[in-house]
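Participant:
There are 2 protein chains.
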Amino acid sequence: MSIQGAPNDLAVIAVAGSEACAQQALVSEPIDEASAADLAQVFKALGDPVRLRLVSLIGAREGGEVCVCDLTSAFDLSQPTISHHLKVLREAGLIDSERRGTWVYYRLVPAALERMAGLLSVPVS
Amino acid sequence: MSIQGAPNDLAVIAVAGSEACAQQALVSEPIDEASAADLAQVFKALGDPVRLRLVSLIGAREGGEVCVCDLTSAFDLSQPTISHHLKVLREAGLIDSERRGTWVYYRLVPAALERMAGLLSVPVS
DNA sequence: GCCCTCTATAGACAGTTGTCGATACAGGCG
DNA sequence: CGCCTGTATCGACAACTGTCTATAGAGGGC
Chain D
131 MSIQGAPNDL AVIAVAGSEA CAQQALVSEP IDEASAADLA QVFKALGDPV RLRLVSLIGA
191 REGGEVCVCD LTSAFDLSQP TISHHLKVLR EAGLIDSERR GTWVYYRLVP AALERMAGLL
251 SVPVS
Chain V
131 MSIQGAPNDL AVIAVAGSEA CAQQALVSEP IDEASAADLA QVFKALGDPV RLRLVSLIGA
191 REGGEVCVCD LTSAFDLSQP TISHHLKVLR EAGLIDSERR GTWVYYRLVP AALERMAGLL
251 SVPVS
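Chains D and V are the protein sequences, given in the same order. Position one of the first sequence corresponds to residue 131 (the working numbering), numbered consecutively onward. Position one of the second sequence corresponds to residue 131 (the working numbering), numbered consecutively onward.
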């Protein structure tokens with residue numbers, strides 16, 4: 131389950147992402163301050179229960195897209211608060227959005243998730 | 131704080147961790163609130179540049195162990211501040227420590243890192 | 001025992017973050 | 001056009017976080 135086999139752009143991005151993150155382990159050599167600040171911002175975006183659930187809700191959705199109205203109704207929080215969390219995730223590069231008519235749809239950026247996953251994987255030496 | 135004796139225990143834990151993370155994708159189905167809160171705490175621990183560099187410094191070290199004194203000297207921060215960050219990482223389960231005489235040595239918990247990596251990996255199906 | 005070094009804890013304080021209500025903007029529909 | 005719905009931004013405020021100094025605890029050497 132998860133992403134359908136349909137020829138959408140998301141699958142292509144996912145493959146490209148997982149191939150690109152070859153040597154990016156956090157633990158293979160000490161990272162410099164600039165990289166640390168850069169990566170910390172992304173982890174910080176993931177470091178909130180609401181945002182984690184947002185990512186999960188978006189990613190688990192068939193078709194990979196979720197309307198903001200569906201996300202807002204899934205939480206016991208105000209609409210501006212959800213909008214704020216979506217903005218944080220968007221600025222971290224983890225999701226992106228597209229407006230279609232009245233509604234705005236969000237989807238994951240698989241390459242960004244894979245990049246972080248690659249950083250955390252420990253070479254089994 | 132406690133690390134079990136022999137160094138090859140770590141390898142066993144690492145392998146077990148990477149094998150166990152089969153179906154733990156964040157995006158395969160929506161996670162519940164409790165899991166989200168739990169996981170967010172770990173991502174939050176990683177969401178600070180200093181702590182990311184600490185993880186990197188510890189993981190990149192030959193032997194996998196680093197004395198606190200080496201970590202403190204790697205930053206332009208006070209010793210209590212580094213101690214605080216190490217505590218955050220320890221409480222998130224990402225690192226572990228052992229006192230040997232006067233010094234305290236920190237090492238990674240590979241299973242914890244692999245767990246988070248597994249969560250972020252996007253199933254390419 | 002006394003003292004010295006290494007590490008952790010406590011308390012304080014400024015900066016950041018999550019949340020809200022109010023409001024502005026965007027776009028479809030009479 | 002005016003209105004209505006969906007989304008984003010603004011401003012405020014309490015709660016949390018990162019940092020410091022001061023101090024406590026652990027353990028070795030004299």
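From the three backbone atoms N, C-alpha and C, an ideal C-beta is built for every residue, glycine too.
Please check if any C-beta of chain D sits within less than 8 Å of the C-beta of I225 (chain V).
Facilitator: Judged by the 8 Å Cβ criterion, I225 (chain V) is not in contact with chain D.
Participant: Restricting to Cα atoms, I'd like to know which of D:W233, D:G177 and D:A170 is closest to P179 (chain V).
Facilitator: When each option's Cα is compared against that of P179 (chain V), the closest is D:A170.
Participant: Can you tell me the Cα-Cα spacing of F205 (chain D) and D162 (chain D), whole angstroms?
Facilitator: So the two alpha carbons sit approximately 38 Å from each other.
Participant: Of the residues that make up the segment 167-188 of chain V, which ones have a beta carbon closer than 9 Å to any beta carbon in chain D?
Facilitator: Within the segment 167-188 of chain V, the qualifying residues are A167, D168, L169, A170, Q171, V172, F173, K174, A175, L176, G177, D178, P179, V180, R181, L182, R183, V185, S186, L187 and I188.
Participant: Any C-beta of chain D sitting closer than 8 Å to the C-beta of V91 (chain V)?
Facilitator: Because chain V spans 131 through 255 in this model, residue 91 (chain V) falls outside it and cannot be assessed.
Participant: Using the rule of at least 16 other Cβ atoms within 10 Å of the residue's Cβ for burial, across every protein chain shown, is E244 (chain D) buried or exposed?
Facilitator: The residue is buried, with at least 16 neighbouring Cβ atoms inside 10 Å.
Participant: Mapping the DSSP letters down to three states, classify R229 (chain V) as helix, strand or coil.
Facilitator: Reduced to three states, the DSSP call for R229 (chain V) is strand.
Participant: For the 8 Å Cβ check, are there 3 or more pairs between the segment 195-205 of chain V and the segment 176-194 of chain D?
Facilitator: Too few Cβ pairs lie closer than 8 Å, so no.
Participant: Which bits of chain D does L216 (chain V) rub up against, with CB to CB less than 7 Å?
Facilitator: Neighbours of L216 (chain V) on chain D: none; closest Cβ ~16 Å, over 7 Å.
Participant: Looking at C-alpha atoms only, which residue of D:A167, D:V218 and D:D168 is the closest neighbour of L184 (chain D)?
Facilitator: Nearest of D:A167, D:V218 and D:D168 to L184 (chain D), Cα basis: D:V218.
Participant: Judging by CA-CA distance, which residue of V:R181, V:T202 and V:Q154 is the nearest neighbour of I225 (chain V)?
Facilitator: Ranking V:R181, V:T202 and V:Q154 by Cα distance to I225 (chain V) puts V:R181 first.
Participant: Spatial neighbours of S208 (chain D) within its chain, please: CB distance less than 6 Å, with the 5 preceding and 5 following residues excluded, ordered by chain position.
Facilitator: Same-chain partners within the cutoff: there are none.
Participant: Going by beta-carbon coordinates alone, are L156 (chain D) and S227 (chain V) separated by less than 8 Å?
Facilitator: Cβ distance not < 8 Å, so L156 (chain D) and S227 (chain V) don't count as in contact.
Participant: At the level of alpha carbons, what is the spacing between L241 (chain V) and Q154 (chain V)?
Facilitator: Strictly speaking, residue 241 (chain V) in this sequence is Ala, with Leu absent from that position. When rounded, the distance between both Cα atoms is 13 Å.
Participant: Beta-carbon of L238 (chain D) versus every beta-carbon of chain V: anything under 8 Å?
Facilitator: Yes, its Cβ sits closer than 8 Å to a Cβ of chain V.
Participant: Looking only at C-alpha atoms, which of D:S158, D:S251, D:I188 and D:K174 sits nearest to A222 (chain D)?
Facilitator: Checked all of D:S158, D:S251, D:I188 and D:K174; the closest Cα to A222 (chain D) is D:K174.
Participant: Along the alpha helix (DSSP H) that carries L182 (chain V), what are the first and last residues, could you check?
Facilitator: Here the alpha helix (DSSP H) through L182 (chain V) covers P179 to A190.
Participant: Going along the chain, which residues of the segment 192-213 of chain D sit with their C-beta nearer than 7 Å to a C-beta in chain V?
Facilitator: Taking 7 Å as the Cβ-Cβ cut-off against chain V, none of the residues of the segment 192-213 of chain D qualify.
Participant: DSSP on V239 (chain V), reduced to helix/strand/coil?
Facilitator: Here V239 (chain V) sits in coil by DSSP.
Participant: Please decide whether L219 (chain D) counts as near chain V, where near means a Cβ-Cβ distance under 8 Å.
Facilitator: Taking Cβ atoms only, chain V never reaches closer than 8 Å to L219 (chain D), which makes this a no.
Participant: Just mark A164 (chain D) as buried or exposed, buried being the case when its beta carbon has 16 or more other beta carbons within 10 Å.
Facilitator: Result: exposed.
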